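Numbering (our numbering), first residue to last: 24 to 438. Each residue gets a CB set at the ideal place from its N, CA and C atoms; glycine is no exception. What you are looking at is a predicted structure, and each value in this text was computed from that prediction instead of being measured. Worksheet: one structure, shown below.
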Amino acid sequence: MINIPKGTKDVLPSESYKWHEVERVVRDLKHRYNLHEIKTPMFEHTELFIRGVGKSTDIVNKEMYTFVDKGNRSITLKPEGTAGVARSFIENSLYNEPLPLKLYYITPCFRYERPQAGRLRQHTQFGSEWFGVDSPEADAEILMMASDFYRSFGINPTVLINNLGCAECRKKYVETLKEYFKPHIGDMCPDCGKRFETNPLRILDCKVDECKAINKNAPKITDYLCDDCNSRFNKLKKLLKNANVNYKFEPMLVRGLDYYTNLIFEFIDEDKKLGQNALGGGGRYNNLVEELGGKPMPVIGFGIGIERLLIYLENKGIEVNSDEHLNVYVANACEDLTPVIEITKMLRDNGVSAEMNLTDRSLKAQFKYADKIKAENVLVVGDDELKSGKFTIKNLKESKQTTLTKNELVKYFKG
RNA sequence: GUGGAUAUAGUUCAGUUGGCUAGAACGCUAGAUUGUGGCUCUAGAGGUCGUGGGUUCAAGUCCCACUAUUCACCCCA
24 MINIPKGTKD VLPSESYKWH EVERVVRDLK HRYNLHEIKT PMFEHTELFI
74 RGVGKSTDIV NKEMYTFVDK GNRSITLKPE GTAGVARSFI ENSLYNEPLP
124 LKLYYITPCF RYERPQAGRL RQHTQFGSEW FGVDSPEADA EILMMASDFY
174 RSFGINPTVL INNLGCAECR KKYVETLKEY FKPHIGDMCP DCGKRFETNP
224 LRILDCKVDE CKAINKNAPK ITDYLCDDCN SRFNKLKKLL KNANVNYKFE
274 PMLVRGLDYY TNLIFEFIDE DKKLGQNALG GGGRYNNLVE ELGGKPMPVI
324 GFGIGIERLL IYLENKGIEV NSDEHLNVYV ANACEDLTPV IEITKMLRDN
374 GVSAEMNLTD RSLKAQFKYA DKIKAENVLV VGDDELKSGK FTIKNLKESK
424 QTTLTKNELV KYFKG
């Protein structure tokens, strides 16, 4: 027996309706927010992620599915959605499209991690990236859209927001931060010792008690934002408030991907019902396109983990809309199945969802089966019906029986 | 990468201080008179007790190793 690889999951027929609903909600957002779908390959040149996601990140350092192909190229399965989209944007000169350009995708992502609740080696992200716009209004709108996505499932998670500042104020802040941390390096955890060199901002996010204590008195980014960054951030907060987005300012929020600048955000489960409480996250990355060899281009985007969303909904006891509905099961009480096939075909040709008996089961067993597969009605095709031209339909929910001619059937099931 | 837990039927689990042909519930299949589901009743199928080794007269139960699963940390969605 060969088992499923570690950290992967089958979407079984009994739960696939949840994924259909996710796709339906995404299509609805596409329609209402004027999004355009982009599909990029499942794998890219490894170099793209090293440069895009960042050398100092855990994703690049220990979580990538990398292999050498037969042409001796280093290839990596995409660990996240943004880098591939940015690459495609540059490669296909999409900056010649009317800007802003609002893209979206649903894609599997691969990270070699130790699996646990809400954490897989293959997970699926719904992501959206907005190119060519750098206003607080755009920041607000994309958060409104993500918030809309969650609300479509009947939840309203908090979105934590923080501002890392533009290149200039961030530089000043990082310098100040390093000066503050310098005398404390000896007291910090070994990871943070390294972070001091690679990415000091991430020390702020450390969960080790010693580091937390040091962080308590660390200078706050908010005190170092330039006037422009400050007024932008205040504008954003006002817009979010007006739009009724459930946000919270979190000055300690830092994200593990290197490409972010200015705004960063994270949708979280405040009840901590899920082991992993991040339901989605994103931010602005105004330097990424340029770093990947394109013209300077402001971008903002997010990624939402679908598996986590579905687990979260299940834990909260929230039902997902189902698209599984069978109008009628056509049972046979005659020897030959030919008329059963004919009637079923006629119903299907007219858009009725119909299933028919394919076995030699007794009529009673056919009713049992119809009940199990949740058919709304059973249509009995027997010698009596064929002779009289009048068919018996039983509604299983209401346990009511009706008699109709062949011509009346379609209208009955569709009405 | 670090730490903890678990492994018995399709599923969820019980199985006492080691002791006869390993159980339950749910699910599945069939039946309860003539062409009708759900509820109820009856019967049936289904297990090399994760794998390998050890202790013992005797191992699902004790010990060791391996494997798998799972939870948590780091980090992320």
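Inset, instruction - Determine the DSSP secondary structure at T89, reduced to helix, strand or coil. - result: Mapped onto the first sequence, residue 89 falls at position 66. Strand.
Inset, instruction - Tell whether a beta-carbon distance below 8 Å holds between T31 and Q148. - result: Taking the first sequence and counting its residues from 1, one reaches residue 31 at position 8. Taking the first sequence and counting its residues from 1, one reaches residue 148 at position 125. In this structure, Q148 does not lie closer than 8 Å to T31 by Cβ.
Inset, instruction - In angstroms with no decimal places, state the Cα-to-Cα distance between C252 and C212. - result: The count along the first sequence starts at 1 and reaches residue 252 at position 229. The count along the first sequence starts at 1 and reaches residue 212 at position 189. C-alpha separation (whole angstroms): 32 Å.
Legend entry - When T426, Y128, P274 are compared against I329, the one with the closest alpha-carbon: Counted from its first residue, the first sequence places residue 329 at position 306. Comparing C-alpha distances from I329 to each of T426, Y128, P274 shows the shortest one belongs to Y128.
Legend entry - Nearest to R331 (by Cα), restricted to the options L117, P138, T105, L370: Here residue 331 refers to the residue found at position 308 when the first sequence is read from its first residue. If you compare the alpha carbons of L117, P138, T105, L370 with that of R331, the shortest gap goes to P138.
Inset, instruction - Please name the residue or residues paired with A169 in a DSSP beta bridge. - result: On the first sequence, position 146 is the one that residue 169 refers to. Note: A169 sits in no beta bridge, so no partner.
Legend entry - Y128 (DSSP reduced to helix, strand or coil): Working through the first sequence from its first residue, we reach residue 128 at position 105. It is a strand residue.
Inset, instruction - Starting from H146, follow the beta strand (DSSP E) in both directions and report where the run begins and ends. - result: As a first step, residue 146 must be located in the first sequence, where it is residue number 123. In the DSSP annotation of this structure, the continuous segment of the beta strand (DSSP E) that includes H146 starts and ends at 145-154.
Legend entry - Rounded C-alpha distance that separates N222 from I237: Against the first sequence, residue 222 aligns to sequence position 199. Against the first sequence, residue 237 aligns to sequence position 214. Using only the alpha carbons, I get a separation of about 16 Å.
Inset, instruction - Taking I184 and F272 to be in contact with their CB atoms under 8 Å, please state how far apart those CB atoms are, rounded to whole angstroms. - result: Against the first sequence, residue 184 aligns to sequence position 161. Against the first sequence, residue 272 aligns to sequence position 249. Contact holds; Cβ gap of about 6 Å.
Inset, instruction - In the DSSP assignment, find the beta strand (DSSP E) that holds A109 and state where it starts and stops. - result: In the first sequence, counting from the first residue as 1, residue 109 sits at position 86. Per DSSP, A109 belongs to no beta strand (DSSP E); it is in the alpha helix (DSSP H), 105-114.
Inset, instruction - Indicate whether L117 and F154 have their beta-carbon atoms separated by less than 8 Å. - result: For the purposes of this step, residue 117 is taken as the residue at position 94 of the first sequence. For the purposes of this step, residue 154 is taken as the residue at position 131 of the first sequence. Cβ distance < 8 Å, so L117 and F154 count as in contact.
Legend entry - Endpoints, beta strand (DSSP E) assigned at Y352: Counted from its first residue, the first sequence places residue 352 at position 329. 349-356 is the span of the beta strand (DSSP E), which, as asked, contains Y352.
Legend entry - T361 - containing alpha helix (DSSP H), residue span: On the first sequence, position 338 is the one that residue 361 refers to. T361 -> alpha helix (DSSP H) spans 361-372.
Legend entry - Residue interval of the alpha helix (DSSP H) (run including R55): By one-based count along the first sequence, residue 55 stands at place 32. Looking at the DSSP string, the run of the alpha helix (DSSP H) that includes R55 is 39-56.
Inset, instruction - Mark I27 as exposed unless 16 or more other C-beta atoms lie within 10 angstroms of its C-beta, in which case mark it buried. - result: The residue labelled residue 27 in the question sits at position 4 within the first sequence. I27 is exposed by the Cβ-count criterion.
Legend entry - Simplified DSSP state of L381, which is helix, strand or coil: Here residue 381 is taken as the residue at index 358 of the first sequence, counted from 1. DSSP places L381 in coil when its eight states are reduced to three.
Inset, instruction - Can you tell me which of K243, M168, E233, F172 puts its alpha carbon nearest to the alpha carbon of K201? - result: Taking the first sequence and counting its residues from 1, the one referred to as residue 201 is at position 178. Here the closest residue by C-alpha is K243.
Legend entry - Cα-Cα separation between R278 and Y308, rounded to whole angstroms: On the first sequence, position 255 is the one that residue 278 refers to. On the first sequence, position 285 is the one that residue 308 refers to. Their backbone Cα atoms lie some 12 Å apart in a straight line.
Legend entry - Spatial neighbours of V375 in its chain, beta-carbon cut-off 7 Å, leaving aside the 5 residues before and after: Start at 1 with the first residue of the first sequence, and residue 375 comes out as number 352. So the qualifying residues of the chain are N350, V351, V433, F436, K437.
Legend entry - Cβ-Cβ separation, I341 to G141 (assumed contact under 8 Å), whole Å: As a working note, residue 141 is residue 118 in the first sequence. As a working note, residue 341 is residue 318 in the first sequence. In this structure G141 does not touch I341 by the C-beta definition: roughly 16 Å separates them, more than the 8 Å allowed.
Legend entry - Neighbour-count burial assignment, T425, 16 or more Cβ in a 10 Å radius: In the first sequence, counting from the first residue as 1, residue 425 sits at position 402. When all chains shown are included, T425 counts as exposed.
Legend entry - Inter-residue spacing [alpha-carbon to alpha-carbon] between Y283 and V353: Locating residue 283 in the first sequence gives position 260, counting from the first residue. Locating residue 353 in the first sequence gives position 330, counting from the first residue. Going from the Cα of Y283 to the Cα of V353 covers about 58 Å.
Inset, instruction - Using beta-carbon positions only, say whether V322 and M167 come within less than 8 Å of one another. - result: The sequence position of residue 322 within the first sequence is 299, counting from 1. The sequence position of residue 167 within the first sequence is 144, counting from 1. The Cβ atoms of V322 and M167 do not sit closer than 8 Å to each other.
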